[in-house]
Every structure is written in C-alpha cells, then in structure tokens.
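As numbered in mature numbering (1 follows the signal peptide of the UniProt record, and there is no 0), residues -23 to -1, 1 to 437 make up the sequence shown, in order.
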Amino acid sequence: MKKLLCLIFLALAGLLLNCKKNAEVLVIAPNPEPEKANLTKAVEFLKGISVTGADKIVFDSVTNSYMVSLPDRYDENEAEITVSMQKDIVLWDNYKTGVTADSIIKYKYKGTSPLNFKVSDNPEKSWFIFNVYFNFSGTPEIELLSKEIPINSTGSTLPIRYLAKVGSIPAAPEQNGTMVRIINRKTGFITESSLQLENLYVNFNEAQNLITNDPLAIEIHLYNQNAVVFEGVKFTRGVPAFFVAPDYKFEYSRKDTIKVTGGFFLPNAKYSVTFSSDFLSAPVTKNVRYHDVSRLTLDNIPANLPEGPYLISFHENGKLLGKSAIYMSNLGPSAVTSIWMSKTNAIENIWKGELGGAVIRNVNLPSCNRGDFFFARTLPLVAGNLSNAKLPNLRLKRDGVTVELKASLQIFHWAIAGVSFAVGKYTIPANLAPGAYEVTSIHVVDGKESKPYWSKMEIR
C-alpha cells in the first residue's frame, strides 16, 4: 500500500499572494511556507493555477483551496484552468486513476460542486488534492419554472434553473451551498433550509405550514451574492411520503402495531393496508387509523394470517401510498425483536443490482435470467464472526423440481450505522427450467426450512 504522508495545512501569516494578471488570465501560486521538518507543503507541488477570464484568485492554505472570483460578464459553459506544477510533479485525470500529460482542466462550474484535482510526485509517493471554488458577486440569474410547487412532509424539489452569474455550489470553503427561505408575509412564518445540489431537493421544518391560500415568497441565497426573490408562490400537497417505522423491525406479533410515518396525511381520507403473498389464497385488507398529518397506524393485525412473510400495501382513498414487507410471527410481543437480534429462520430481502440494496427492503417481484446472480439478506442476521459457513443455502422449488443454491459471502459495511453484516450472493443455474419458483432458506444450525419468501421468483 502506498504510504500516505501526513498533510498539514499551515495558516498563512497574511494573505500575501503572488499574482500575474493580464486582461484574460490571472495566475496565483501558494506562498512559500516556513520550513518545518517532515511536512508536505502545497508549494512543493504547484507553482500556481490560472483561470481564463477570472478577476481574482485567492489561495486558502487551511483548506488547500483556490477561490476564483469571476466577473458578471463571464458566461462560459466551462472554466479553463491551467495547472502549473513543480518539476517532477504530475496531474492526475478526472477519475484520479492515472496521470495525464495535459495541464489544462475544463470544468462545468455553473451550479455544480467545486472542482478538485490531484497532483503527485512521479512515481507516486506523496500527493495533494486541491479544490477550486468559483464565485460571482452581484445578483445571479435564476429562473423559477413554476409558481405552483408540490410538497410533502420530507420537502420538495424546487423547479429552478441556474442561468448565469452562478458559480460552484458551495462557492467557498465551509459554506452550506444554496440557502432557500420561504416567507409568508401575511403571517410572518419563515422557514429555511439548504438546497441539495444533485436534485434541487429541499427539506423544510414545519412544511405543513406552507400549504396555505396565502401567497408565499421564495428567497434563494448564493454565497456573497444578492438574494433572488420570487413572489406569489403556492405550495400544494404532493404525493405523501411513506415509511414503515422503525425500519429495523421486520417481525411482528399479532398484537403489534404497524406504524407509518410521512405525510402529509388527511384527517378525512380513508386509509387501508392490504396483506398479500403468493401463498395466501386471497389478499387481506384492513382499515388504518389516522393519527395526524405525519402518522398512521394499524392497531389490529389480522389474526387469521398464517406465519410467514407478507407484502403490505398502504392506500389512501384506494390509491397506493407505498409498500413494505414484514414477517408475521407466532411469537409474543416481548419475543419479537429487531433484525439484529432475531432468531427466526426467514428470508427478509431478495434483490438484484448493487450490494447497497442490503439496506433497502425490496418490494418488487424477484425475477432472474438463467445464469444471473442475486443477493439475499436472511435471518438470523450474520453480523459477527462473518463467514460463508453461517449463510444458509436457498432452495428453489417448482413442479416437483428442487434446486439448492449455495451462498457466496458478501460483506456489507454500513458506515452510517457503524456495522458490517453478511449478505449471500446466489447464482441461478444456467440449465434451470424457466418458470415461477418458491424460494426458502435452510437454517444453518438445524437444517430446518423457512417459510417461503412472500413472492415466487420468476426464472426466464
């Protein structure tokens, strides 16, 4: 493994910047820093950068960042950055997977994340990542595509378009990016939040207060620029957000309550849930109780449901709100626990695609081509002493034909929760006859077979 040298960014005594400027090109280099033993310094890698058309460039040695100020007349689709390197220093490509002979970077700066680029010695023993932020002053040109905006309890996608005088987002180190403020000038209600860069989504506190007949104002704030204000905006109730909570609960006793959060839910609407499975003679539907704009509950799980997994589908006035999957257990409420502690032999989740699907309970019907692989998360969950031997085989059955699939150990590292657990990867035999197959798991400890997964698997 390549040795990573310690990167320490020294605060400059003053912002003493060596600039070379003409009408079109401005060059800025990191200032030489005081000598200190065993330090890797920015000046050892770069002589500086130039940006065609820039007004000013400032280097921040604390964050190792260049802040590029662009004039209001600047409207290029791509900024042209020339990187001037010290001797025997190389610039890496955009993917940081290899070096490039080019010293010019063209970057679509408008409303995108800041540029970062990597330089290193050659061969690579030490390296530096530099950031480049682009910003304007004055008032940005932003278009609001619609003054009627749907919203639910989690927020809304704002129909805006960045036109001109918009730099990177954020436009400076340690900034939050685009801030959006909603104002009801009649009542004085104000809420604000950061706009997500990738999808222009924004989450608001007390978002239900935005659904009103009063005209609202939207203020959009970019770093170091005047706010852009749109008056006469109306928020309307969008498709309600839907979550079965808590998400770590898969098993339910017959005396449990199934809770749904999200919204906005309506007090006068009719809410229901349908339990279904390929092994249930007919779907079972029950009414769901409205609590408030963000909460629904099913207080009485149908007593006649056989033990096993089910797809549950929630509806508002007959229209689908969302789906999840649960396991109906014969255990008492005190014995039913989270997926982390469960001792029940069951298939919780089957999915195709990326390993990251391990944290999303799939509600789509499983289907595979012959020779395909898929993933399965089974209970009891293997979360300690991870090994292939702890993962169950899966059994596929159809018309008297039985096939057992052996697991290949995959380890999912769930960084946000600080845990790792085992996932099984299974491959469909290339000679398996097409059709719909029942899927069960074989318990590692005692060899007992689980209840079938709620849906048969279609093999094509």
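Even for Gly, the Cβ is constructed at its ideal location relative to N, Cα and C.
- Query: Can you find a heavy atom of the ligand GTP that lies under 7 Å from the Cβ of Asn365?
  - Reply: Of the ligands one can find in the structure shown there are none, so the ligand GTP has no counterpart to examine.
- Shortest alpha-carbon distance to Ser290 belongs to which of Val237, Ala384, Gln185 and Lys425? Within the sequence shown, numbered from 1, the residue matching residue 290 stands at position 313. Comparing Cα-Cα distances from Ser290 to each of Val237, Ala384, Gln185 and Lys425, the minimum goes to Val237.
- Task: Hey, could you find the ends of the beta strand (DSSP E) Arg266 is sitting in?
- Result: Sequence index remark: in the sequence shown, residue 266 carries index 289 (1-based). Val261 to Asp269 is the extent of the beta strand (DSSP E) around Arg266.
- Item | Cβ-based burial, Ile337 [other Cβ within 10 Å; buried from 16] | As a working note, residue 337 is residue 360 in the sequence shown. It is exposed - the Cβ of Ile337 has fewer than 16 other Cβ atoms within 10 Å.
- Message: Please state the DSSP three-state secondary structure of Ile5.
- Response: Residue numbering aside, residue 5 sits at position 28 when the sequence shown is read from its first letter. Because Ile5 carries a pLDDT of 48, less than 50, the predicted location of this residue cannot be relied on, and the following value inherits that uncertainty. Ile5 falls in the strand class under three-state DSSP.
- Could you tell me the distance, in whole angstroms, from the CA atom of Pro283 to the CA atom of Val270? Translated into the one-based positions of the sequence shown, residue 283 becomes position 306. Translated into the one-based positions of the sequence shown, residue 270 becomes position 293. If I take the Cα positions, the gap works out to 32 Å.
- Ordered along the chain, which non-local residues of its own chain (more than five positions away) have a Cβ less than 8 Å from that of Thr168? Counting from one through the sequence shown, the residue named residue 168 turns up at place 191. Counting only Cβ-Cβ distances below 8 Å, and skipping sequence neighbours, we find Arg158, Ile159, Phe181, Asn182, Glu183, Ala184, Asn186 and Leu187.
- Message: With H, G and I counted as helix, E and B as strand and the rest as coil, what does DSSP make of Glu183?
- Response: Residue mapping note: residue 183 aligns to position 206 of the sequence shown, counting from 1. If DSSP states are grouped into helix, strand and coil, Glu183 belongs with coil.
- Cα-Cα separation, Thr251 to Val340: As a position in the sequence shown, residue 251 is number 274, starting the count at 1. As a position in the sequence shown, residue 340 is number 363, starting the count at 1. One C-alpha to the other measures close to 14 Å.
- Task: With DSSP as the reference, label Ala312 as helix, strand or coil.
- Result: Looking up residue 312 in the sequence shown gives position 335. In this structure, Ala312 counts as coil in the three-state DSSP scheme.
- Message: Per the DSSP calculation, Arg272 is bridged to which residue(s)?
- Response: Residue numbering aside, residue 272 sits at position 295 when the sequence shown is read from its first letter. According to DSSP, which records beta bridges pairwise, Arg272 is partnered with Thr238 and Asp269.
- Query: What residues in its chain sit with their C-beta under 8 Å from that of residue 499, if we drop five residues either side in the sequence?
  - Reply: Since the displayed the chain opens at -23 and closes at 437, residue 499 lies outside it and no answer follows.
- Task: Give a yes or no on contact between the region 257 to 270 and the region 294 to 301, applying the rule of three or more CB pairs nearer than 8 Å.
- Result: no
- In the DSSP assignment, what residue or residues form a beta bridge with Gln387? Counting from 1 along the sequence shown, the entry for residue 387 is found at position 410. Looking at the DSSP assignment, Gln387 forms a beta bridge with Val400.
- Query: Going by the beta-carbon positions, is the gap between Phe389 and Leu332 smaller than 8 Å?
  - Reply: What you label residue 389 is simply residue 412 of the sequence shown in a count that begins at 1. What you label residue 332 is simply residue 355 of the sequence shown in a count that begins at 1. Result yes, Cβ atoms of Phe389 and Leu332 sit closer than 8 Å.
- Query: Just checking my contact of Ser319 with Pro150 at CB under 8 Å: how many whole Å lie between their CB atoms?
  - Reply: For the purposes of this step, residue 319 is identified with residue 342 of the sequence shown, where counting begins at 1. For the purposes of this step, residue 150 is identified with residue 173 of the sequence shown, where counting begins at 1. With a Cβ gap of about 45 Å, Ser319 and Pro150 do not count as contacting.
- Message: Is the beta carbon of Trp431 closer than 8 Å to that of Pro286?
- Response: Mapped onto the sequence shown, residue 286 falls at position 309. Mapped onto the sequence shown, residue 431 falls at position 454. Yes.
- Query: Whose C-beta lies closer than 6 Å to the C-beta of Glu415 among residues of the same chain, with five residues either side of it excluded?
  - Reply: Stepping through the sequence shown from its first residue, residue 415 is reached at position 438. Contacts found: Lys374, Pro429 and Lys433.
- Query: Any idea if Glu125 is buried or exposed, counting beta-carbon neighbours within 10 angstroms, 16 or more meaning buried?
  - Reply: On the sequence shown, position 148 is the one that residue 125 refers to. Exposed: under 16 other Cβ atoms inside 10 Å.
- Taking Asn112 and Ser61 to be in contact with their CB atoms under 8 Å, please state how far apart those CB atoms are, rounded to whole angstroms. Indexing the sequence shown from 1 puts residue 112 at position 135. Indexing the sequence shown from 1 puts residue 61 at position 84. Actually they do not touch by this definition, with Cβ atoms about 22 Å apart.
- Item | Exposed unless 16 or more other CB atoms sit within 10 angstroms - verdict on Ala222 | On the sequence shown, residue 222 is found 245 positions in, with the first residue counted as 1. Result: exposed.
- Message: Taking a contact to mean a Cβ-Cβ separation below 8 Å, would you say Ile197 touches Val210 in this structure?
- Response: Reading the sequence shown from its first residue, position 220 is the one you call residue 197. Reading the sequence shown from its first residue, position 233 is the one you call residue 210. For Ile197 and Val210, no; Cβs fall outside 8 Å.
- Item | Identity of the residue in Ser27, Ile34 and Val39 nearest Thr59 by Cα | Position 82 of the sequence shown, counted from the first residue, corresponds to residue 59. With distances taken between Cα atoms, Thr59 lies closest to Ser27.
- Task: Apply the 10 Å Cβ neighbour rule to Lys425 and answer buried if 16 or more other Cβ atoms are within range, or exposed otherwise.
- Result: Sequence index remark: in the sequence shown, residue 425 carries index 448 (1-based). Exposed.
- Message: In this structure, how does DSSP classify Val250 when only helix, strand and coil are distinguished?
- Response: Position 273 of the sequence shown, counted from the first residue, corresponds to residue 250. Val250: strand per DSSP, three-state reduction.
- Compare the Cα-Cα distances from Leu382 to each of Gly395, Leu409 and Asp376 and report the closest residue. Numbered from its first residue, the sequence shown carries residue 382 at position 405. Of the listed residues, the one whose Cα sits closest to Leu382 is Leu409.
- Minimum length 3: unbroken beta strand (DSSP E) runs contained in the region 108 to 150: 118 to 121, 125 to 128 and 137 to 141
- Check Glu21 in the structure and name its three-state DSSP category. The residue labelled residue 21 in the question sits at position 44 within the sequence shown. It is helical.
- Query: Considering only residues of the same chain and omitting the five flanking positions on each side of Val35, which have a CB-CB separation below 6 Å?
  - Reply: The sequence position of residue 35 within the sequence shown is 58, counting from 1. Closer than 6 Å at Cβ, skipping near neighbours: Met44.
- In the DSSP assignment, what are the bridge partners of Trp69? Within the sequence shown, residue 69 is the residue found at index 92, counting from 1. DSSP, once it has assigned bridges, lists Val76 as partnering Trp69.
- Report the partner residues of Glu196 according to the DSSP bridge assignment. As a first step, residue 196 must be located in the sequence shown, where it is residue number 219. The partner list for Glu196 (beta bridge, DSSP) reads Arg158 and Val206.
- Item | N- and C-terminal bounds of the beta strand (DSSP E) containing Glu435 | Taking the first residue of the sequence shown as 1, we reach residue 435 at position 458. Here the beta strand (DSSP E) through Glu435 covers Met434 to Ile436.
- Item | Start and end residues, beta strand (DSSP E) containing Lys300 | By 1-based counting over the sequence shown, the position of residue 300 is 323. That run of the beta strand (DSSP E) goes Lys296 to Met305.
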